[in-house]
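Following: one structure in structure tokens, then a few remarks.
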Amino acid sequence: MARNQEKAQTMLYRFREIQAIELGLVKPEEKRPFLASRVNSLPQAEKWRRHVIRDISKAVSKIHDGSLPENQIRDLNDQINKLLREKSHWETRIKEIGGPDYMVSTSPIYSFSYFCFILQSCLSLFLLFILAENRPENAGRRWYFGRARDLPGVRELLVKRTIQKKKKTKASLYAKIDASYYGYNDEDSEGELIQYEKIVSEKLLYNLEQKNQLYSVDSDQSISDDTSVSSSSDLSDS
């Protein structure tokens, strides 16, 4: 593999490649579009999605190399996350132009060749989901693959995510429910609650009595005023 990569970088190899393209012997390698929205052909969109999946598989395989320095591991992990976002863009575009929805379970009405492609895609993503030991919690979460999981600070982050991922089960919720929840126990074993309720009740009753007394005084005053007014009016009439 290293020998082929070195050979591809030589000037003679590049010259021969350009010459073969000009003579029509070899088709020029197409560059993947930067924006998936510019592709309106479903076969082309499917092709570029497969291209992205191959790049993801290569990068995930490479990130498990034990001889890579830390900076290259970080760059590879960033590249994989970028390719995953690009893959989701192509899948969204494929759905927009009438293709299958790869983000949900597919319908069984497609042809045999389609199922062969699905099998190939699953094999290509084997390293992504098995060797990388990642599970997507949501689309916007950052993933760490291979040796990137052992980088400083990353393992602590993954442990924190695992703790946050644990949800309360129904059994754990029922374990906290006892007789006090349903009110079967005594109201107050030490009498503190009953004493507090007694004090509050007495205070409320006192306030209520004061209001009633004021109301009765006001009523008596108004009755006396009405009586005096009526008597004075009678005297004036006479």
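Taken in order, the sequence shown gives residues 1 to 238; the numbers are from UniProt numbering. We put the CB at the ideal spot given by N, CA and C, even for glycine. Since the model is a prediction, treat every value here as computed from it, not as a measurement.
Item: Burial state of residue 34, where buried means 16 or more other Cβ atoms lie within 10 Å; Value: exposed
Item: Three-pair Cβ contact test at 8 Å for the segment 74–82 versus the segment 91–104; Value: no
Item: Short Cβ contact (8 Å threshold) for residue 99 with residue 45; Value: yes
Item: Three-state class that DSSP yields for residue 184 in the structure shown; Value: coil
Item: Secondary structure of residue 13, DSSP reduced to three states; Value: helix
Item: Cβ neighbours of residue 50 in the same chain (closer than 6 Å, five flanking residues each side left out); Value: none
Item: Alpha-carbon spacing of residue 43 relative to residue 62, whole angstroms; Value: 29 Å
Item: Whole-angstrom distance between residue 39 and residue 110, CA atom to CA atom; Value: Note that residue 110 has pLDDT 44, beneath the 50 cutoff, so the model's placement of it is unreliable and the number below is only indicative. Rounded to whole angstroms, residue 110 to residue 39 spans 22 Å at the Cα level.
Item: Residue 146 (DSSP reduced to helix, strand or coil); Value: helix
Item: Distance CB(residue 74)-CB(residue 148) smaller than 8 Å; Value: yes
Item: Cβ-Cβ distance between residue 60 and residue 153 below 8 Å; Value: no
Item: Coil, strand or helix - residue 240 by DSSP; Value: The question about residue 240 has no answer, for the chain in this structure spans 1 to 238.
Item: Contact check, residue 70 vs residue 157, beta carbons under 8 Å; Value: no
Item: Sequence-distant residues of its chain with Cβ nearer than 8 Å to residue 36 (five each side left out); Value: 45, 48, 86, 89, 90, 92 and 93
Item: Residue 47, DSSP secondary structure in three states; Value: helix
Item: Among 32, 66, 65 and 72, the one whose alpha carbon lies nearest that of residue 54; Value: 32
Item: Three-state secondary structure assigned by DSSP to residue 102; Value: coil
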